[in-house]
Every structure is written in C-alpha cells, then in structure tokens.
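Protein chains in written order, with this note's numbering: chain V, 10 to 277; chain P, 2 to 309. Beta carbons: idealized from backbone N, C-alpha and C, even for Gly. All figures in this text were calculated on a predicted structure; none of them were measured in a lab.
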C-alpha cells in the first residue's frame, strides 16, 4: 500500500525520468535456512540519493549486495525474486557487467594496501578495459581523484601505497576507484561508520555532488545521516520493508508506528 | 597493583633459563662446528670450499678435500625445488581455499599436512624406483634427443639419477610446507578485499591474481622455508642425486649435495685424519648458505615492508 503510494509519488515528481535505476520485485534472501530479506519490492529513481536505514542486523547490507550480485561470493546466500537495473534483470546479465554499472563503496575503507594510490584508481579501468591509452588512463585517474575531492591531497604521491593514507582519505580513494569506472549507480554500505566527523562530512558533501550524475544507494544505521544526505529513504526492520518515501515526508510524518519509534530513537 | 607487577617479573625469571638453554645449545653446536672444522682449514685453507676433489688417503699429507661440487649441487637442487614448489604451492593454496568444495577442503588440507610429515625415506624410495625412471623416460630422454644443444639438456641421461630428479623430488617434498604458509595467508586475507576486487568487475582469475599479490610476504616466507627444507634434506636426495663429484650445468647430470655427502661419507670418515673435519666444514657451509638465504629473505621482506 505504502509502496505503491510512494511509486506514484515518485512518478509525479520525476515525470521526465520514467526509468528507475534499481527495482526489486519480491526480493527474498536467505542465508541457509535464515530468511534475511523478506519479500521486498521497491523502486529507486535515477540520480537521487536513496537511503536504506534500519537498526543493525536488519539486512540492509545484505540487500545492498543483491544489487550488484556481490552476494554470490557467499555460498550460503540464496536469492529469489528479481532485481532490475534500468529495467533489465541483473540475473539475465553477466555479473561482471552488472558490477561495472553498479559500483560499490564499503563499510571499511578497502583500497588494496600494497597497491599505489594511482593503481588503486586505475584498477577497475584496467580490469574492464575502459581506457585505450596510458594518457587516457592518467587523465581518468586524475578526473576521478578530483571528483572524489582527493586530488589535491595525493597529486604529489600517486606512487605511494594506499596504506599511507588516513582512513578518510582511503574511503575517498575507494570512491575515486568506483567513480573512475563511470558507473550509473553507486552502492554505499555505511561508508562513514568507521570515520571521524570531519571525514564523514567530506564524504557526505561528496555524495551530494555525485548525485548530479549517478544514483546513490546508501545504507546507514543512522537516521540523522539518512536525513542529511538522502532524497528518498526506505526503512527496513528485521528484513521487512516497513516504509519507503521521500525523506522529508518520512521524517516529518512517518506513516508507520515502527518508523516513528525508530526515528525518535525509541527503538533501534 | 604492585603484587601484580611482581608476579609478571617472577614469571619472566622462570622463563629465562629455558630461553638461555635453547640459545646456549645453538651457540655451543655452532662452536663445535667451528672448532671441528679448524684442522681442515689449517691443512688446506679455504680450498675446501673452492675446489672439487675428494682424495682420501692413508697418508694424511696426501689427503685433500674440496666440497665445491656438493655446495653447487645443494644450491642447484634446492633452487630447482623452489622453482617447482612456487607454482605448485600457490595453485594448490588458491584451489583449496577458493575452489575446493567444502566436503573435500579439509581432507585436502589434512592430506598435505600428512605429506609434510611423512618420513623422507618414503619419498626417497618412491623417488628412486618410480620418479627417476619416469623422469628419465618421459622427460630426460626426449629432451636430450631433441634439444641437447642447450647446455641445460646436454648431458646424456644414463641412469636418470641427476640434479633434475633430486630437484623434482625435493620440489614435491617441500610443496606442502610452502603451501601451508601461503594457504593460511590467503585464507586470512580480509573478506573486504575479496569484495573490493569483485565489486570492480574482476573475473575470478583477475581477482585471484590481485589477491595473491597482496600476500607476497607470505609467499616469500613460504619459499624461504621451502629452500631451507630442500637444502637440508638428506636421505631422499641421496637416493636420487647419483652421488658423484661432478659440477655440470646440465639438469640430467648426476651430482652431490652437502647433506648427502656427509651422510654417505660419515661412516668411514674416522679412518682418515682430515675427513671428519672436512665433513664438519661442509656442514658449516650449509649453515652459512642457510644464513645467507635467510638474510636475503629478510632484505626482500624489508623492501616489501618499506613499500607499504
């Protein structure tokens, strides 16, 4: 009920963009016998920041990993239902293609520690053969590092290993690594949960900047962060989609009791 | 609080004698090797290491020993073993961790641990009766027949007992050791790096390549251990190397290694005045080779550490 209201709401707001970046249809995820995500159907419009919030252990990260088929690294994970990117089922696509279109930033900054800063950004470009020449590679790496607001800090030490950077810088390096591949969607799994407030602010500013060109799906356990960065928000509780809608609406006027309890800090 | 500190200190003093004992034992053993080698150094100087002669004689003045062939053979066969163990152990580690179905993963690991723990004579006999004939028939003979103009293959394989046989056998023997270290390092790579590389659209092969690069220090350590095991191995090598004082670049030539030399000659060495001392000196060279390899390893690891 709520979901369909939200759909029409989004369609009204985004008349010119009828496409959805991501849609899930009756998505169920199991780890062995454990039912983690329960029949979730939602639609994520293009070029917005879409937050998935909920208390720890509610399946947010698991659901996010269904959007780029990264869940398949986990042998015990089983998925039913469908996930579509721009209308196309990801299960009918090559997972490598899916992951090129749908980039991901993780909870722990995870650049490859022994690889240079430059090589970390160049990695995805090389793997997917997205550039034709060394010159184009150089340019794209610089462009991506600028996009990630890291260029000024690292331009003189591109050959240094990534482990020489601070946690916040490493996370921006991970964002640069993803941005370099020019994905259409970026998934962010609690990207600031291990960072200090200043680094967090930088990443949030970055998210605001990036949404002009890509769709961002961010998982967070902090309602405050969802309120700060997102345009739309979905509230997930124990694997169920409780409520979804525009961020302003949900924070001002939650329709479900559980949402209200979560947002006001009585539960979570 | 004070009492707590006191406890810790008492325990420290309790451990100290054990530490001293182990270290002292090592120091004394080394001292024995040095002192026992002195007669041969006085007799012929460093020629013991730089010449290839083995002249035992009732007349001590005519005795002359040079273990260069054995040093050469030890290094040659151990390098071969490491070159063979490198691809085997990395591939095996990756297969066990990434590809082996859950049911056979543990049995595979147990099997390699058993392989590592087998008495080496078992490898030796298998090597002499099975591996050597196979290598001779399917590797040495064809290569010699067609490519004997290449120095590596230039020796006519008569018996099959050769550097190659010893190197291959050693390679098989040390693979479980190298593989165990590489496997554990590969297994303990944080999952977030696996996710990172796959999320960038890597294929399994590309992902494995990147992940294996991240455990380079463990690979170096595993190979150092393998080299140490290979160069120290005695019985198995004695059975397949041919035990000939020979220095040849050819893989198919028979040779000697330091440990097989000592094992073979020790029985009657006491008959001669200088032979025991010569064998101690040979053992000492093994110690120095081990030391050099370990220093080299530390340097490699340190260079890698600096790159962090």
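Contact belief for residue i with residue j at Cβ below 8 Å, rounded distance in angstroms
i                      : j                      : result
residue 83 of chain P  : residue 224 of chain P : 5 Å
residue 247 of chain P : residue 254 of chain P : 6 Å
residue 90 of chain P  : residue 198 of chain P : Between residue 198 of chain P and residue 90 of chain P the Cβ distance is about 22 Å, and since that is not below 8 Å, they are no contact.
residue 53 of chain P  : residue 67 of chain P  : 5 Å
residue 216 of chain V : residue 242 of chain V : So it is not a contact: roughly 14 Å between Cβ atoms.
residue 228 of chain P : residue 140 of chain P : The pair is not a contact, with the Cβ atoms about 23 Å apart (cut-off 8 Å).
residue 62 of chain V  : residue 244 of chain V : 6 Å
residue 202 of chain P : residue 109 of chain V : 4 Å
residue 260 of chain P : residue 287 of chain P : 7 Å
residue 245 of chain P : residue 264 of chain P : Actually they do not touch by this definition, with Cβ atoms about 15 Å apart.
residue 164 of chain P : residue 78 of chain P  : 6 Å
residue 36 of chain P  : residue 285 of chain P : Not confirmed; about 11 Å, so no contact.
Own chain partners of residue i with C-beta closer than 8 Å, once the 5 adjacent residues on each side are dropped
i                      : result
residue 152 of chain V : 189
residue 265 of chain V : 11, 244, 251, 252
residue 14 of chain P  : none
residue 41 of chain P  : 49, 66, 275, 278, 279, 281, 282
residue 219 of chain P : 182, 183, 185, 186, 187
residue 124 of chain P : 170, 173, 174, 237
residue 176 of chain V : 118, 203, 204, 205, 208
Cβ shell of residue i (< 7 Å), same chain only, five flanking positions each side left out
i                      : result
residue 169 of chain P : 85, 132, 136
residue 262 of chain P : 68, 71, 283
residue 57 of chain P  : 64, 273, 276
residue 247 of chain V : 67
residue 161 of chain P : 133, 134, 136, 137, 141
residue 109 of chain P : 97, 101
residue 292 of chain P : none
residue 217 of chain P : 305
residue 251 of chain P : 152, 153, 154, 155, 156
residue 26 of chain V  : Confidence is the limiting factor: at residue 26 of chain V the pLDDT is only 47, short of 50, which leaves the residue's position unreliable and the question unanswerable from this model.
Residue nearest to residue i in terms of C-alpha spacing, selected from the options
i                      : options                    : result
residue 55 of chain V  : V:104, V:72, V:96          : V:96
residue 76 of chain V  : V:257, V:227, V:210        : V:227
residue 282 of chain P : P:189, P:28, P:16, P:44    : P:44
residue 240 of chain P : P:171, P:296, P:63, P:272  : P:171
residue 212 of chain V : V:242, V:199, V:248        : V:199
residue 33 of chain P  : P:280, P:294, P:99         : P:280
residue 192 of chain P : V:116, V:132, V:67         : V:116
residue 134 of chain V : V:33, V:208, V:266, V:106  : V:106
residue 126 of chain V : V:252, V:254, V:250, V:167 : V:167
residue 256 of chain V : V:266, V:270, V:233        : V:233
residue 60 of chain V  : V:276, V:195, V:266        : V:195
residue 186 of chain P : P:268, P:38, P:221         : P:221
residue 224 of chain V : V:58, V:146, V:83, V:268   : V:58
residue 118 of chain P : P:175, P:39, P:15          : P:175
residue 111 of chain V : V:146, V:94, V:160         : V:94
residue 208 of chain P : V:37, V:236, V:132, V:74   : V:132
residue 180 of chain V : V:44, V:30, V:207, V:165   : V:207
residue 36 of chain V  : V:128, V:193, V:28, V:46   : V:46
residue 178 of chain V : V:148, V:210, V:149        : V:210
residue 231 of chain V : V:220, V:258, V:268        : V:268
residue 89 of chain V  : V:164, V:70, V:44          : V:44
residue 129 of chain P : P:243, P:18, P:60, P:296   : P:243
Same chain only: Cβ atoms within 6 Å of residue i, ignoring 5 sequence neighbours per side
i                      : result
residue 86 of chain V  : 40, 80
residue 23 of chain V  : With a pLDDT of 49 at residue 23 of chain V, under the threshold of 50, the modelled position of this residue cannot be trusted, and the question is left open.
residue 172 of chain V : 122
residue 2 of chain P   : Bear in mind that the predicted position of residue 2 of chain P carries a pLDDT of just 47, short of 50, making it too unreliable to give a figure here.
residue 13 of chain V  : Residue confidence for residue 13 of chain V is low, a pLDDT of 46 falling below 50, so the modelled location carries little weight; the figure read from the coordinates is stated next. Around residue 13 of chain V: no qualifying Cβ.
residue 104 of chain V : 78
residue 98 of chain V  : 91
residue 178 of chain P : 117, 226, 227, 230
residue 235 of chain V : 60, 62, 229, 242
residue 154 of chain P : 144, 145, 148
residue 137 of chain V : 109
Legend entry - chain P contacts from the stretch 75 to 86 of chain V (Cβ-Cβ distance under 7 Å): Flagged, chain order: 77, 79, 82.
Legend entry - Contact residues within the stretch 133 to 167 of chain V, judged by C-beta distance below 7 Å to chain P: So the close ones are 133, 136, 137.
Legend entry - Contact set between the stretch 182 to 200 of chain P and chain V, restricted to residues whose Cβ is under 9 Å from the partner: Taken in chain order, the members of the stretch 182 to 200 of chain P whose beta-carbon sits within less than 9 Å of a beta-carbon on chain V are 191, 192, 193, 194, 195, 196, 197, 198, 199, 200.
Legend entry - Any 3 or more C-beta pairs closer than 8 Å across the stretch 203 to 218 of chain P and the stretch 102 to 115 of chain P: The stretch 203 to 218 of chain P vs the stretch 102 to 115 of chain P: no contact.
Inset, instruction - Taking only beta carbons into account, state which residues of the stretch 199 to 218 of chain P come closer than 8 Å to chain V, listed in chain order. - result: Those would be 199, 200, 201, 202, 203, 204, 207, 211, 214, 215, 217, in chain order.
Legend entry - Interface residues of the stretch 93 to 109 of chain V facing chain P [CB-CB below 7 Å]: Residues 105, 108, 109.
Legend entry - Touching by the beta-carbon criterion (3+ pairs, under 8 Å), the stretch 149 to 165 of chain V and the stretch 178 to 185 of chain V: With a cut-off of 8 Å, the stretch 178 to 185 of chain V and the stretch 149 to 165 of chain V count as touching, because enough Cβ pairs lie within range.
Inset, instruction - Give, in chain order, every residue of the stretch 35 to 57 of chain V whose Cβ lies closer than 7 Å to some Cβ of chain P. - result: Close to chain P, meaning a Cβ-Cβ distance shorter than 7 Å, is no residue of the stretch 35 to 57 of chain V at all.
Inset, instruction - Taking only beta carbons into account, state which residues of the stretch 223 to 254 of chain V come closer than 9 Å to chain P, listed in chain order. - result: For the stretch 223 to 254 of chain V, which is checked against every Cβ of chain P, not one residue is closer than 9 Å.
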